Ligand SMILES: Cc1cc2nc3c(=O)[nH]c(=O)nc-3n(C[C@H](O)[C@H](O)[C@H](O)COP(=O)(O)OP(=O)(O)OC[C@H]3O[C@@H](n4cnc5c(N)ncnc54)[C@H](O)[C@@H]3O)c2cc1C
């Protein structure tokens, strides 16, 4: 309450000058913008979030299927290794690691699920949004059109001009533009002389050649171009989706291969075939551990004729294994609109790793997915936003004390 009164008094002073003046303007109410603004608000700054949507944290609200996989509880070195350009975040993770975030959100109530994924106990992303937005002032329906810098920053929406000493750009990437992130932030960055590393769909479903498996989900492996990922694979009407597919999507070449037998090497497979009733058909054997429709499709595509096991040669058994170990599909395209995360973004050479401040423009910050950082599924991407958002807030606090 005391902080709010202080903030309001500050606002009245500023209003005598004429324009709407803030200490900090944050553009975008995703996790990066929200945590940055929350921290600054709690430290007594007059901070405003400008958000083009009519609700706060629209994308955040649908993350993790509405459950919000908030971050990943891995050790710093593993986080750094799993995140694209993760080395850039090493300094940040020293101070703001998984234990820090676990504490930070303790009043929301968190739980860990498999693969160290952290969710709110309630399974409701809304609880995370309510916590992060706190009492922060947020102007909804405020689409920022341009930003200028003279003595201070002038931020223009279609209706208003706002002024502030610091600006934090937290406008997200290009994915799911219907939720607000349409790449406007890259234009703001360019207008300040920043370069953008080419953007691409980083965690996206794949459009592939036609298959007859729509609606089936399996646990398996996906590989392409020396990369292999594991997890759920969903066959869609036009290709593939699911965490294992998202995680490889940034690296796929012209073909993708699915491993339906991740727990088996050839030796074990052949042993199992030998131990199975030799009078039974080979399709019955495969259907013991792989969904029927997948077995039929693999047989059809690889021209495998169903026979009694006893009649199958050693060479054909090896071919059978190979067919289920690397089921091949041609990749037609990836789709940035349906991509969970955007790869590429603001070139990290131009950003201070310990503060997220621009190396080109004083008091200008970039946080979250707009940066050339992205991680696999598992909470890494919101974690990137939280970490970079908090680093920016701490830097602004520190700089203000020095002034
Ligand atoms: C379906 C889906 C599920 C996901 N699930 C997970 C998950 O469970 N765990 C995980 O770690 N990651 C998940 N992600 C990724 C994660 O949501 C993003 O990486 C994260 O939200 C990025 O945060 P951000 O704050 O940088 O940007 P965003 O969350 O994209 O927020 C940017 C905000 O800026 C606003 N904005 C943009 N331009 C302007 C402008 N000109 N003026 C004013 N406002 C503007 C936008 O409206 C938006 O609200 C998921 C993504 C999707 C699409």
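Numbering (this note's numbering), first residue to last: -11 to 391. Every residue gets a Cβ at the ideal spot worked out from N, C-alpha and C, and that includes glycine. Bear in mind that the values here come from a model prediction, so they are computed numbers and not experimental data.
Judged by the Cβ position, residue 70 fails to qualify as a neighbour of ligand 1 at the 7 Å threshold, every heavy atom of the ligand being at least this far.
For residue 130 against residue 144, the beta-carbon gap comes to about 10 Å, at or over 8 Å, which does not count as contact.
Within the same chain, and ignoring the five residues on either side of residue 236 in sequence, the residues whose Cβ sits closer than 8 Å to its Cβ are 210, 211, 212, 215, 216, 217, 244. Comparing alpha-carbon positions, the option among 278, 202, 188, 377 lying closest to residue 344 turns out to be 377. Under the DSSP assignment, residue 86 falls in the alpha helix (DSSP H) whose first and last residues are 86 to 92. For residue 26, the enclosing alpha helix (DSSP H) stretches over residues 19 to 30. At least one heavy atom of ligand 1 lies closer than 7 Å to the C-beta of residue 357. With a cutoff of 7 Å, residue 184 does not count as near ligand 1, since its C-beta is closer than that to no heavy atom of the ligand. With contacts defined by Cβ atoms closer than 8 Å, residue 19 and residue 373 form a contacting pair. Nearest C-alpha to residue 251 among 273, 280, 242, 207: 207.
Looking at the DSSP output, residue 60 shares a beta bridge with 105. Relative to the Cα of residue 160, the nearest Cα in the group 385, 369, 387, 379 belongs to 369. In this structure, the beta-carbon distance from residue 141 to residue 13 falls below 8 Å. Of the residues assessed, residue 318 falls on the exposed side of the cut-off, its CB having fewer than 16 other CB atoms within 10 angstroms. The region 179 to 190 makes contact with the region 346 to 357: 3 or more CB pairs, one atom from each, lie closer than 8 Å. With a cutoff of 7 Å, residue 290 does not count as near ligand 1, since its C-beta is closer than that to no heavy atom of the ligand. By the neighbour-count criterion, in which 16 or more other beta carbons inside 10 Å mark a residue as buried, residue 262 falls on the exposed side. In the three-state reduction of the DSSP assignment, residue 216 falls in the strand class. Here the distance from the Cβ of residue 165 to the nearest heavy atom of ligand 1 is not below 7 Å. In the displayed model, residue 371 falls within a helix according to three-state DSSP.
Residue 151 has 9, 142 as its beta-bridge partners, per DSSP.
Note on geometry: alpha-carbon atoms of residue 77 and residue 254 lie some 41 Å from one another.
Going by beta carbons, residue 60 and residue 367 fall inside the 8 Å limit.
In the structure shown, residue 202 falls within a coil segment according to DSSP collapsed to helix, strand and coil.
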